[in-house]
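Student: Numbering (my numbering), first residue to last: 88 to 177.
Even glycine gets a Cβ: it sits at the ideal position worked out from N, Cα and C.
Starting off with a structure, shown below.
Written out as C-alpha cells, the structure is:
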C-alpha cells in the first residue's frame, strides 16, 4: 500500500504504517456524530491565554512562518469568523 517514499515520510512523522492504515480506515468508515452536552466557554473547553502565553504563542508562530508567505486565514465556522473578526485587519 505504501511506497518507499511514503514509508520514509511516515517514519519522519513518528508513525508506523499500521497506525496510518488505522487512520485511513477511520476515514473510510466515517466518524460518528458527537453528542454535544453544552457550549464551550472560557475555562470550560476554551483555553484562555494570559499575556505571557500570548507572547510565547506569537513568538512560536513568527518563528514557524519566518521565510514563508502567509496568504490567508480562513476560520472554519461562523462562530470562528466572529471570534477572529478583529484579526482581519492585521
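#1: With a Cβ-Cβ cutoff of 9 Å, do residue 129 and residue 123 count as a contact?
#2: Could you give the distance in angstroms between the alpha-carbon of residue 101 and the alpha-carbon of residue 112?
#3: Along the alpha helix (DSSP H) that carries residue 99, what are the first and last residues, could you check?
Tutor: Based on what the coordinates show:
#1: Result no, Cβ atoms of residue 129 and residue 123 do not sit closer than 9 Å.
#2: When rounded, the distance between both Cα atoms is 19 Å.
#3: It spans 91 to 99 - the alpha helix (DSSP H) in which residue 99 sits, taken as one unbroken run.
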